[in-house]
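Asker: Quick one: the structure is below, questions incoming.
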Amino acid sequence: MSVILALLLLPLGLVILDVEARGNRMNEAMKVRNCPRVKPHTTEYLHFLMQCCRSPARLQDTYSRPANTTLAVHYPSNFPVDFDAHRVGLSEENTGFQPQQEQDVADQCVRVPACDRSARYRSINGSCNNLNFPMWGVAGSALVRLLPANYQDGVNKVRKAKGGKELPNVRQLRTMLFPDKDVPDPVNVLNVMQWGQLVAHDTSHIVQQSSGLPSSKETGLDCCVSRSQGLPNACLPIQVPNNDPFYSQHKRMCLNFVRSLTTNDLGCKLSPHQQIALVTHFVDASLVYGSDEDTARSLRTFTQGKLRVQVTSDDREFPPNTTTPERDCDGQREGVCYLTGDDRGNQNTGMTLLQVLLLREHNRLCDQLHHLNPHWTDQTLYEEARRIVVAVVQKITYNDYLPIILGKEFIKQLGMADGQGDEGMSLNDYDPFLNPSTINAFTTAAYRSFHSMVPREMVLFDDNQKPLKTLLVEDFFFRPNLIQEPEMFDNLLRGLAVQNVQSMDTFFSTSLTNLLFKSTKEFGTDLESIDMQRGRDHGLPNYNDFRVACGRPKAVRFKDLLDVMTEKAVSQLAAKYQRVGDVDLYVGGMLETQASEALVGPTFQCIIGEQFRRWRNGDRFYFEFANQPGSFTLEQVKEIRKITLAELFCLNGDKISRMQPDVFQVVSNENAVQSCKSIVKMNLTPWQET
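So for the sequence shown, the numbering used here puts the first residue at 91; every next one is plus one.
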């Protein structure tokens, strides 16, 4: 009888639950609607510019299919379960990462396009790179998880310590563990840090909740304004301790923090929540060309394949200005504010320099290709120049940059060493079962470690590489006017090639930790506190879990971490965390001693190496791979292999005439300054049609 009664009452219970759920949604919507918005030209607004979506249609297009419907493609029966058993550093008893099918549970959310299997060129939005899984790596799709998410409720509530208490305050962790100290790297120059940011912007753009949605307002939520009705769920503000050594001087008690956009915000309900990347997940120069068709078209002239530029009175080319510079930059209506393929193109001076450099390279290639093939159409010139620029970015990233941060021997063990395959051509590396999507733990923790390399000052150099002037980094966030001033572009480029970068360590510049996005104020926000808070927002598993996944034994006590950390680091962790299993991934990874030949410790080396392996071996259009419709010829690959970042500086600077061959490292007897004539080596003759 009781069973029958329960069955009769079941529909009523469902109705009550549905009413309750709708009530919760309405209450949350009311909180968001009533939440104050950040004001232009404030720290909070500039932070919002870094994490906003100015083209909501991008996301609408990706998520235009009904939520939670069945995919048109499925994992085949022969899908390799033990796909990463060959990975470096995994011991026999180690389980490694979770099965790949479980790493990307959000693939059910993305619209599955029809693919042209004979397409010569990669799509703008990253779709159809993998013909069996065309949604892998597409702009607007979710980040993948190497390990299951760790939320307190299994859905989206930030985890707590093992004993149920709150985790340590991130601002307190920052001030204790990551102080400011000027420690220049004796070998590497600023380009190492700046090229790393280029790769980061090319492969990931995390946007805030309440931004990027068609119904949202122009600016983000202000989560630091007290409200009697409570904060929206999108808010996760960082509380500043009363005795903070810096912010207490400015009566600053809160740092704004808005949680990242997830598939749930776009109508695809998943548990746990999965964060998305607005841009394509590939190393494909999307920051130059855009990650959606509307943006790509807005950047083109549709004449001889070229991209739009503005030309200064002294005949120098720069990106066109946006139509709303007062909204898109920290300036006035008449100020310089560039329109690029990425919303963050104006974020800092070094990033903008590289955006301009690649824009000029595209148009230079169009001129050369048009000369070689005058019969080519605008579309062919655009696609061929774009294809070469992407290849150049990949070559510099994998052959020149990656060995510096991970170590040459480690790269060899991952199977990514330069010059594999017949006659230097990597013929068989493409893996159609390898998901190339950006890894959550990579973009939210491991790769953020390179914030340690950002200096407080930018130094300008003349043609003889003598210092001219010093500028403070914090004075030029979203203020690109500087680079169009006479001689500034070259002087700043030389700064990237000559100035020593900060050492990769646990010290961080006050430009990032106290003065980030300060605008006209005396204080800004704290990037390192944000980095730690973002990891919790994204439900990243703890450091110990990743340590185990990357081949280390599980730490039971804090002293078990001494195999990769100093005694000081371990004692600092023990003073702030209750248990070793509570330590945040970002914090633990930052405190590891550097692996052999690498700039990072073994856990971050493992995660970063796995990411770059996926971006390479899972990219059907990677420049070295043969037997694809868009493959380069062997002669073309040989020419691409000659290109260096120094050559890009020489070819696309205003009047640069001298440079050292390796602009990732300091000038030395082995890396002496020489004429640009001896640096420029790439020849486009193999692209001439006969």
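For glycine and all other residues, C-beta sits at the position ideal for the given N, C-alpha and C.
1) Since residue 397 sits in a beta bridge, which residues does DSSP pair it with?
2) Candidates 348, 493, 742, 588: which alpha carbon is nearest residue 325's?
3) Residue 547 bridges to which residues according to DSSP?
4) If you reduce the DSSP assignment to three classes, tell me which class residue 311 lands in.
5) For residue 551, which residues from the same chain have a beta carbon less than 7 angstroms from its beta carbon, with the 5 sequence-adjacent residues on both sides left out?
6) Jot down the residue ranges of each uninterrupted alpha helix (DSSP H) in the segment 243-299, minimum 4 residues, whole runs only, in chain order.
7) Which same chain residues end up closer than 7 angstroms to residue 475 when comparing Cβ atoms and leaving out the 5 residues on each side of it in sequence?
8) Can you grab the Cα-Cα spacing for the pair residue 241 / residue 248, in whole Å?
9) Between residue 632 and residue 674, how many whole angstroms is the CB-CB distance? I'm expecting something under 8 angstroms.
10) Throw me the rounded Cβ distance for the residue 362 and residue 246 pair, which I believe falls under 8 angstroms.
11) What does the alpha-carbon distance come out to for the pair residue 555 and residue 723?
12) With distances taken Cα to Cα, identify the nearest neighbour of residue 562 among 657, 416, 599.
13) Taking 8 angstroms as the limit between beta carbons, can you name the residues of its chain near residue 730, skipping five residues before and five after?
14) Could you please give me the residues that DSSP links to residue 328 through a beta bridge?
15) By Cβ distance, which residues of its chain are closer than 6 angstroms to residue 217, with the 5 residues on each side in sequence left out?
16) Please list, in chain order, all residues of the same chain as residue 156 whose beta carbon is under 7 angstroms from its beta carbon, the five residues on each side excluded.
17) When we look at the beta-carbon of residue 266 and count the other beta-carbons within 10 Å, is it buried (16 or more) or exposed?
18) Measure the CB-CB distance between residue 239 and residue 495 and report whether it falls below 8 angstroms.
19) Report the three-state DSSP secondary structure of residue 733 (helix, strand or coil).
20) Can you tell me where the beta strand (DSSP E) holding residue 453 begins and where it ends?
21) With residue 638 and residue 648 assumed to form a contact (beta carbons below 8 angstroms), what rounded beta-carbon distance in angstroms separates them?
22) Between which residues of its own chain and residue 258 is the CB-CB distance below 7 angstroms, once the five residues before and five after are set aside?
23) Does the separation of the CB atoms of residue 382 and residue 214 fall below 8 angstroms?
24) Considering just the uninterrupted stretch of the beta strand (DSSP E) at residue 592, what are its terminal residues?
25) Please state if the CB of residue 274 and the CB of residue 593 are separated by a distance shorter than 8 angstroms.
26) Does the Cβ-Cβ distance between residue 463 and residue 568 come in under 8 angstroms?
27) Residue 159: buried (16+ other C-beta within 10 angstroms of its C-beta) or exposed?
28) Buried or exposed: which applies to residue 401, given that a residue is buried once 16 or more other Cβ atoms fall within 10 Å of its Cβ?
29) Just to confirm my understanding: we take residue 679, look at its own chain, exclude 5 residues before and 5 after, and list those with CB closer than 7 angstroms. What are they?
30) Is residue 411 helix, strand or coil by DSSP?
31) Give me whichever residues DSSP pairs with residue 350 in a beta bridge.
32) In three-state terms, what does DSSP make of residue 536?
33) On the CB-based measure, 16 or more other CB atoms within 10 Å of its CB, does residue 387 come out buried or exposed?
34) When the Cα atoms are used, what is the spatial distance from residue 85 to residue 615?
35) Just verifying my parser: in three-state terms, what is the DSSP assignment at residue 557?
36) Could you give the DSSP three-state label for residue 778: helix, strand or coil?
Answerer: Looking at the atomic coordinates:
1) For the purposes of this step, residue 397 is identified with residue 307 of the sequence shown, where counting begins at 1. Residue 397 is bridged to 390.
2) Indexing the sequence shown from 1 puts residue 325 at position 235. Nearest C-alpha to residue 325: 348.
3) Taking the sequence shown and counting its residues from 1, one reaches residue 547 at position 457. In DSSP, residue 547 forms a bridge with 562.
4) Counting from one through the sequence shown, the residue named residue 311 turns up at place 221. Residue state, collapsed to three classes: strand.
5) Position 461 of the sequence shown holds residue 551. For residue 551, where only same-chain residues beyond five positions count, the Cβ hits under 7 angstroms are 557, 558, 581, 584, 585, 588.
6) Taking only runs of at least 4 residues, the alpha helix (DSSP H) segments lying wholly in the segment 243-299 are 260-267, 280-293.
7) Within the sequence shown, the letter at position 385 stands for residue 475. Cβ within range, chain order: 395, 452, 455, 456, 459.
8) Looking up residue 241 in the sequence shown gives position 151. Looking up residue 248 in the sequence shown gives position 158. Their Cα atoms are separated by approximately 5 angstroms.
9) On the sequence shown, residue 632 is found 542 positions in, with the first residue counted as 1. On the sequence shown, residue 674 is found 584 positions in, with the first residue counted as 1. 7 angstroms between Cβ atoms; contact.
10) For the purposes of this step, residue 362 is taken as the residue at position 272 of the sequence shown. For the purposes of this step, residue 246 is taken as the residue at position 156 of the sequence shown. Going by Cβ atoms, the distance from residue 362 to residue 246 rounds to 6 angstroms, so yes, they are a contact pair.
11) Working through the sequence shown from its first residue, we reach residue 555 at position 465. Working through the sequence shown from its first residue, we reach residue 723 at position 633. Answer to the nearest angstrom: the Cα atoms are 38 angstroms apart.
12) Position 472 of the sequence shown, counting from 1, holds the residue named residue 562. The candidate whose alpha carbon is nearest that of residue 562 is 599.
13) Residue mapping note: residue 730 aligns to position 640 of the sequence shown, counting from 1. If we look at residue 730 and ignore the five residues flanking it on each side, its Cβ neighbours are 478, 481, 482, 485, 713, 722, 772.
14) The residue labelled residue 328 in the question sits at position 238 within the sequence shown. DSSP output for residue 328 lists 345 as bridge partner(s).
15) Within the sequence shown, the letter at position 127 stands for residue 217. Around residue 217: 203, 224, 228.
16) If you number the sequence shown from 1, residue 156 lands on position 66. With a pLDDT of only 38 at residue 156, under the threshold of 50, the placement of this residue in the model should not be trusted, and no figure is reported.
17) Counting from 1 along the sequence shown, the entry for residue 266 is found at position 176. The residue is exposed, with fewer than 16 neighbouring Cβ atoms inside 10 Å.
18) Residue 239 sits at position 149 when you count from the first residue of the sequence shown. Residue 495 sits at position 405 when you count from the first residue of the sequence shown. No; because the gap between Cβ atoms is not below 8 angstroms, this pair is not in contact.
19) Within the sequence shown, residue 733 is the residue found at index 643, counting from 1. If DSSP states are grouped into helix, strand and coil, residue 733 belongs with coil.
20) Residue mapping note: residue 453 aligns to position 363 of the sequence shown, counting from 1. Element bounds for residue 453: not the beta strand (DSSP E) but the alpha helix (DSSP H), 439-462.
21) One-based indexing of the sequence shown puts residue 638 at position 548. One-based indexing of the sequence shown puts residue 648 at position 558. The Cβ separation is near 16 angstroms, so there is no contact.
22) Translated into the one-based positions of the sequence shown, residue 258 becomes position 168. Same-chain partners within the cutoff: 666, 667.
23) Within the sequence shown, numbered from 1, the residue matching residue 382 stands at position 292. Within the sequence shown, numbered from 1, the residue matching residue 214 stands at position 124. Cβ atoms of residue 382 and residue 214: closer than 8 angstroms.
24) As a working mapping, residue 592 is identified with position 502 in the sequence shown. Note, residue 592: beta strand (DSSP E), 590-592.
25) On the sequence shown, position 503 is the one that residue 593 refers to. On the sequence shown, position 184 is the one that residue 274 refers to. In this structure, residue 274 lies closer than 8 angstroms to residue 593 by Cβ.
26) The residue given as residue 463 occupies position 373 in the sequence shown. The residue given as residue 568 occupies position 478 in the sequence shown. The answer is no: Cβ separation not under 8 angstroms.
27) For the purposes of this step, residue 159 is taken as the residue at position 69 of the sequence shown. Its pLDDT being 35, under 50, residue 159 is placed unreliably in this model, and the value from its coordinates should be taken loosely. Classification for residue 159: exposed.
28) By one-based count along the sequence shown, residue 401 stands at place 311. Classification of residue 401: exposed, given that the 10 Å Cβ count is below 16.
29) In the sequence shown, the residue the question calls residue 679 occupies position 589. Taking C-beta separations shorter than 7 angstroms and ignoring five residues to either side along the sequence, the partners of residue 679 in its chain run 535, 536, 539, 633, 691, 693, 694, following chain order.
30) Translated into positions along the sequence shown, residue 411 becomes position 321. In this structure, DSSP gives residue 411 an extended state, which the three-state scheme calls strand.
31) On the sequence shown, residue 350 is found 260 positions in, with the first residue counted as 1. Residue 350 pairs with 298.
32) As a position in the sequence shown, residue 536 is number 446, starting the count at 1. Note: residue 536 maps to helix in three-state DSSP.
33) For the purposes of this step, residue 387 is taken as the residue at position 297 of the sequence shown. Classification for residue 387: exposed.
34) Missing from the structure shown is residue 85; the chain here goes from 91 to 780 and no further.
35) Taking the first residue of the sequence shown as 1, we reach residue 557 at position 467. The answer is strand: DSSP assigns residue 557 an E or B state.
36) Translated into the one-based positions of the sequence shown, residue 778 becomes position 688. DSSP places residue 778 in coil when its eight states are reduced to three.
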